[in-house]
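J.:
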Amino acid sequence: MSTFESLSSQWDDRYTQHGWSTLPDPHLSHLVENLTPGRALDLGCGTGRNSVFLARLGWRVTGVDASAVGLQMASDELANAGLSWTPLRADLTTFTTEDRFDLVVVANIHLFPEDRDAFFARCATFVAPGGHLYVVGHHLDALGHQGPPDPTRLFTLDTFAAGLEGLETQRLERVESPADRDGHHDVEVLFWATRPTTQETL
Numbered sequence: 002m003s004t005f006e007s008l009s010s011q012w013d014d015r016y017t018q019h020g021w022s023t024l025p026d027p028h029l030s031h032l033v034e035n036l037t038p039g040r041a042l043d044l045g046c047g048t049g050r051n052s053v054f055l056a057r058l059g060w061r062v063t064g065v066d067a068s069a070v071g072l073q074m075a076s077d078e079l080a081n082a083g084l085s086w087t088p089l090r091a092d093l094t095t096f097t098t099e100d101r102f103d104l105v106v107v108a109n110i111h112l113f114p115e116d117r118d119a120f121f122a123r124c125a126t127f128v129a130p131g132g133h134l135y136v137v138g139h140h141l142d143a144l145g146h147q148g149p150p151d152p153t154r155l156f157t158l159d160t161f162a163a164g165l166e167g168l169e170t171q172r173l174e175r176v177e178s179p180a181d182r183d184g185h186h187d188v189e190v191l192f193w194a195t196r197p198t199t200q201e202t203l
């Protein structure tokens, strides 16, 4: 079994056995509230919480994930709401597309360091002129409480300090949520960038 198929199977099992939030990422919902809906790409969309939210706002959404189960759950949720989207099952470490999008969403995708830089460089190329890239992920300070147990897969502000080629950084922040019942804070890195309207992608 390939690494991709193994990962896909693991996430299929997780989505089958656990309840997953249907609420969109709160940072995303705030950032897009004044945007005109266009084409959106949700990378690592999982069960579709952000895809469904965007589709309800009128965005034409393409969702990409390794898990067939997650994609089907998202498709069912969208169908129940009378909405449609384009689901794609793919390996994010190699995924590419010639299409360009007004919004690219990357929520809680924690790749290994050897894959991360190339992945985010590709993400930048998917953004159309005037479009936006939204990234959120667990900060290294969340180690042991949120996110993967491997510290090299977590983010710090340095992860995006140099920005991404062709994009202008609008926000780069360490965001800390209120403490949960155990006194733990979820600490995240928020990165929001825009491609200038006069700039073409390769």
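Under the numbering used here, read the sequence shown as residues 2 to 203, first letter to last. Beta carbons are placed, not taken as given, at the ideal position from N, Cα and C, and that holds for glycine. None of these values were measured; they are calculated from a predicted model.
Does the Cβ-Cβ distance between VAL106 and LEU44 come in under 8 Å?
T.: The answer is yes: Cβ separation under 8 Å.
J.: With respect to 7 Å, is the separation between the Cβ of ASP14 and the closest non-hydrogen atom of the ligand MG below this value?
T.: Of the ligands one can find in the structure shown there are none, so the ligand MG has no counterpart to examine.
J.: Short check: CB of ALA108 to CB of ASP26, under 8 Å?
T.: In contact: ALA108 and ASP26 (Cβ atoms closer than 8 Å).
J.: Helix, strand or coil: how does DSSP classify ASP66 here?
T.: Strand.
J.: For my contact list, VAL190 and THR157 are in at a C-beta cut-off of 8 Å; report their separation, rounded to the angstrom.
T.: About 7 Å separates the two Cβ atoms, so the contact holds.
J.: From the DSSP output, in three-state form, read off GLN171 for me.
T.: In this structure, GLN171 counts as strand in the three-state DSSP scheme.
J.: In chain order, which beta strand (DSSP E) runs of at least 3 residues are fully inside the stretch 75 to 162?
T.: If we require 3 residues or more, the beta strand (DSSP E) runs fully inside the stretch 75 to 162 come out as 87 to 90, 102 to 108 and 128 to 139.
J.: Return the chain-ordered list of same chain residues with a C-beta closer than 8 Å to the C-beta of LEU112, the five sequence neighbours on each side being excluded.
T.: The residues are LEU93, THR94, PHE120 and ARG154.
J.: With DSSP as the reference, please indicate the residues paired to PHE192 in a beta bridge.
T.: Answer is VAL136 and LEU173.
J.: Please classify VAL172 as buried or exposed, where buried requires at least 16 neighbouring CB atoms within 10 angstroms.
T.: First, the residue type needs correcting, since residue 172 is Arg and not Val in the sequence shown. Exposed, because fewer than 16 other Cβ atoms sit within 10 Å of the Cβ of ARG172.
J.: Buried or exposed, going by whether 16 or more other CB atoms sit within 10 Å of the CB of HIS140?
T.: HIS140 comes out buried.
J.: Taking 8 Å as the limit between beta carbons, can you name the residues of its chain near LEU165, skipping five residues before and five after?
T.: Contacts found: PHE121, ALA122, CYS124, ALA125, LEU134 and ALA194.
J.: How do the stretch 51 to 59 and the stretch 71 to 85 stand: do at least 3 beta-carbon pairs fall below 8 Å, yes or no?
T.: Counting Cβ pairs under 8 Å, three or more are found: they touch.
J.: Decide if ALA75 is buried, meaning its Cβ has at least 16 other Cβ atoms within 10 Å, or exposed.
T.: The residue is buried, with at least 16 neighbouring Cβ atoms inside 10 Å.
J.: Out of PHE161, ALA80, VAL62 and VAL136, which has the shortest C-alpha to C-alpha gap to PHE102?
T.: That would be VAL62, whose Cα lies nearest to the Cα of PHE102.
J.: VAL188 and ALA143 look like a contact to me (Cβ under 8 Å); what is the Cβ gap, rounded to whole Å?
T.: Right, the Cβ-Cβ distance comes to about 5 Å (below 8 Å), so this counts as a contact.
J.: Could you check the C-alpha separation between LEU79 and THR17 for me, to the nearest Å?
T.: Each residue's Cα considered, the two are about 18 Å apart.
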